[in-house]
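Chemist: After the structure tokens below, expect a handful of questions from me.
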DNA sequence: GTCTATAGTTCGATAGAC
DNA sequence: GTCTATCGAACTATAGAC
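Chains as they are written, first to last, in the UniProt record's numbering: chain G, 1 to 214; chain Y, 1 to 214.
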């Protein structure tokens with residue numbers, strides 16, 4: 001039974017016909033608009049224009065502007081997660097860090113997505129923003145995953161065990177975010193070489209003297 | 001002649017009377033409002049309310065909302081610069097890095113100002129934002145100052161000379177920004193210890209083998 | 001220097017035709 | 001599923017009284 005009557009989740013009516021296509025077009029348009037004007041400054045009319053619809057047309061596929069926001073965030077975040085899973089992330093240690101560099105390299109050719117996330121997380125630091133909880137959970141999740149990968153490096157004896165990996169994970173994520181800001185503000189800035197320097201420093205630091213027993 | 005007729009710059013009429021005071025009140029109110037709602041989402045009416053004025057009252061002191069934005073950014077940025085100049089920043093090298101840690105510690109008790117900057121830089125990555133140029137120049141200036149401080153460490157033989165200090169400077173600024181984001185999103189995160197770990201790593205890395213001559 | 005009143009936009013969301 | 005039309009609210013900025 002490859003495709004029953006499909007009690008699916010998409011918008012309405014047609015299972016996966018043209019409906020899903022315009023939904024995707026709206027989310028692409030919203031990515032562009034939010035990247036330039038943020039959530040608060042990005043109007044549904046602008047999104048509709050980019051998707052070649054009218055503003056009520058957009059609200060046929062999403063109940064409200066806030067639903068468009070959350071859908072864009074979840075969709076675009078899934079792409080990053082997929083990217084990580086494609087590398088040998090679960091080996092942990094240095095291998096995992098190298099996978100992270102790959103993610104930075106992919107971001108370096110996806111300016112629109114990066115700018116959207118940077119613009120929205122800037123708004124999202126305020127508890128009054130509808131995406132605040134999303135970002136709180138996103139960073140908690142990313143830190144958790146990164147801590148585990150680093151601890152796998154400790155368990156394998158690859159990294160010294162007297163370092164709090166929670167701090168290292170937080171620093172690595174911070175560097176990624178901060179380098180994105182500088183990259184977006186100045187095209188000449190390049191992210192991957194700078195992030196690679198951090199990884200070099202980090203590997204050197206973590207490979208240092210295993211805590212002399214006794 | 002301690003205080004002439006004072007051909008000052010403040011708004012209008014009274015030299016430094018109550019006029020300058022309400023101007024300062026407006027900028028304080030704008031800091032709070034922009035921190036919570038950003039520039040686009042923060043209305044002049046909200047700023048006026050916090051400053052205990054009406055909305056046209058605000059526009060008597062500033063020609064437009066955009067002027068309020070630029071005034072807030074310049075005023076609050078000056079505070080940071082003053083903070084740096086109070087430390088032995090110009091000695092360069094490790095001393096300068098320790099001064100940076102002091103700045104992070106001061107930021108850790110100035111959540112409102114930090115949140116305002118994070119929210120506004122998020123909006124400012126877009127070229128369409130009125131503060132875009134301000135942030136481009138701000139980061140260029142900060143990087144320049146930091147590069148010079150690090151190079152002074154190289155000249156003094158404190159740091160190895162085979163490392164591109166432009167990359168290090170960019171990374172240090174990135175870590176500061178990124179740690180601020182995580183701190184704002186999760187009160188449990190603390191910035192200074194994490195930033196101190198980066199500085200430890202950095203000092204270890206930069207103190208390593210001076211490029212073996214020959 | 002601060003106010004009331006208002007002009008002129010723009011926005012999100014809804015109603016209803018097709 | 002997409003449209004036109006419109007409502008009600010919010011915003012920046014200006015005019016003008018006091």
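Where is the CB? At the ideal position from N, CA and C, for every residue including glycine.
#1: Return helix, strand or coil for residue 186(Y), following the three-state DSSP convention.
#2: Ignore the nearest five residues each way along the sequence and tell me which others in residue 194(Y)'s own chain have a CB closer than 7 Å to its CB.
#3: Might you give, ordered along the chain, the residues of its own chain that have their beta carbon closer than 6 Å to the beta carbon of residue 76(Y), omitting 5 neighbours on each side?
#4: With three or more C-beta pairs closer than 8 Å as the rule, is the stretch 37-47 of chain Y touching the stretch 73-89 of chain Y?
#5: From residue 50(Y) to residue 92(Y), what distance separates their C-alpha atoms?
#6: The alpha helix (DSSP H) spanning residue 130(G) covers which residue range?
#7: Which runs of the alpha helix (DSSP H) at least 4 residues long sit entirely within the UniProt domain "HTH tetR-type" (20-80) of chain G? Give them in chain order.
#8: Could you check the C-alpha separation between residue 62(Y) and residue 142(Y) for me, to the nearest Å?
#9: Does chain Y have any CB closer than 9 Å to the CB of residue 70(G)?
#10: Count the other CB atoms within 10 Å of the CB of residue 137(G); is the residue buried (16 or more) or exposed (fewer)?
#11: Is any non-hydrogen atom of the ligand GDP found closer than 8 Å to the C-beta of residue 65(G), if you look at the structure I gave you?
#12: Please state if the CB of residue 206(Y) and the CB of residue 172(Y) are separated by a distance shorter than 9 Å.
#13: Residue 81(G): buried (16+ other C-beta within 10 angstroms of its C-beta) or exposed?
#14: Counting beta carbon pairs with one atom in the stretch 148-167 of chain G and one in the stretch 96-116 of chain G, are three or more of them shorter than 8 Å?
#15: According to DSSP, is residue 124(G) part of a helix, a strand, or is it coil?
#16: Going by Cα to Cα distance, which pick from 31(Y), 67(Y), 169(Y) is closest to residue 144(Y)?
#17: Smallest Cα separation from residue 30(Y): which of 116(Y), 124(Y), 139(Y)?
#18: Assign residue 161(Y) to one of three DSSP states: helix, strand, or coil.
#19: Please report the distance separating the alpha-carbon of residue 201(Y) from that of residue 104(G).
#20: What's the gap between the Cα of residue 154(G) and the Cα of residue 166(G)?
#21: Helix, strand or coil, according to DSSP, for residue 147(Y) in the structure here?
#22: How should residue 109(Y) be labelled, buried or exposed, when 16 other C-beta atoms within 10 angstroms of its C-beta is the threshold for buried?
#23: For my contact list, residue 135(Y) and residue 185(G) are in at a C-beta cut-off of 8 Å; report their separation, rounded to the angstrom.
#24: Leaving out the 5 sequence neighbours to the left and right, which residues in its chain are closer than 7 Å to residue 48(Y) when beta-carbon positions are compared?
#25: Are there 16 or more other CB atoms within 10 angstroms of the CB of residue 122(Y), so buried, or fewer, so exposed?
#26: In terms of residues, what are the limits of the alpha helix (DSSP H) holding residue 92(Y)?
#27: Going along the stretch 108-121 of chain Y in order, which residues come within less than 8 Å of chain G, judged by CB to CB distance?
#28: Alpha carbon to alpha carbon, what distance is there between residue 198(Y) and residue 21(G)?
#29: What is the DSSP secondary structure of residue 196(Y), reduced to helix, strand or coil?
#30: Roughly how many angstroms lie between the CA atoms of residue 139(Y) and residue 182(G), to the nearest whole one?
#31: Can you confirm whether residue 202(G), when its beta carbon is compared against all beta carbons of chain Y, has any partner nearer than 9 Å?
Modeler: According to the structure data:
#1: coil
#2: 179
#3: 113
#4: no
#5: 41 Å
#6: No alpha helix (DSSP H) contains residue 130(G), which DSSP labels as neither H nor E.
#7: 44-50, 55-61
#8: 28 Å
#9: no
#10: exposed
#11: Of the ligands one can find in the structure shown there are none, so the ligand GDP has no counterpart to examine.
#12: no
#13: exposed
#14: yes
#15: helix
#16: 169(Y)
#17: 116(Y)
#18: coil
#19: 21 Å
#20: 13 Å
#21: helix
#22: exposed
#23: 6 Å
#24: 54, 55, 57, 58
#25: buried
#26: Note, residue 92(Y): premise wrong, no alpha helix (DSSP H); not H, not E.
#27: 115, 118, 119, 120, 121
#28: 46 Å
#29: helix
#30: 7 Å
#31: yes
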